[in-house]
Each structure stands twice: as structure tokens, then as C-alpha cells.
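Inspection log for the structure reproduced underneath, given as C-alpha cells.
Numbering (our numbering), first residue to last: 24 to 135.
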């Protein structure tokens, strides 16, 4: 009620943008990843994971671009890393399509 729709949902300690240092400290990031044995994991890696999962769920790349705040779809595409199962599923979907439209004994495609 009366709130600016463009206002930040979360703000830093002084009311501005949340810096990576504030986020790291607030989440105890360094301690958590060390305890879990993932010292190499960066918070930024989670953007890649989240966008990849959304892409695997069928979210169109133009929507992912908006979610990520990227200026171009090309940048967004660099964040999406399909796994082998996603590649296999794409081949299976194409095989099913070809079998349905062509012949019952249509080609069967597989990732190599």
C-alpha cells in the first residue's frame, strides 16, 4: 500500500544495494561451504545452476534472460549447462516425434 513497485525488496545495511560482501557475511558463506567441503563453490555458480534448472524445466530462454537481468540472450545462453540426461531426453523426444509422423519403425536417435 503506497509502496514504490520499483523499490528494492531487500536492501543492504544502509538501505542501498546489497553488496556481495554483505551477502557473504550475512549467509556465513565461507564457513558453510568449507564445512560442506565445497570451498571452490562460488555464489555466482548458483546463478548458473538456477538458470540451468529453469531451462531444463522448460522455461524459454527469453524469459530466463529477464529473470537473470541479462542484456542479451547470448549472455543467458552462457549460463545454461544442459546435463547428459537433458541431451538424451531431447533425442528421445525427437525420435518419438519422427516415429509418430513417419513410420512405426522410424529412426531412433541417441547421444554419442
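The C-beta atom is built at its ideal place from N, Cα and C for all residues, glycine as well.
Here the structure is a predicted model, which means the values were calculated and not measured.
| Item | Value |
| --- | --- |
| Buried/exposed call for residue 116, threshold 16 Cβ in 10 Å | exposed |
| Residue 87 versus residue 67: straight-line alpha-carbon distance, rounded | 16 Å |
| Own chain, CB closer than 8 Å to residue 82, minus 5 neighbours either side, in chain order | 90 |
| 6 Å Cβ shell around residue 93 - same chain, five flanking residues per side excluded | 99 |
| Collapsed DSSP secondary structure at residue 32 in the structure displayed | coil |
| Among 119, 57, 80, 97, nearest to residue 105 - alpha-carbon criterion | 80 |
| Neighbour-count burial assignment, residue 44, 16 or more Cβ in a 10 Å radius | exposed |
| Straight-line Cα distance separating residue 58 from residue 97 | 35 Å |
| Residue range of the alpha helix (DSSP H) that includes residue 45 | 43 to 50 |
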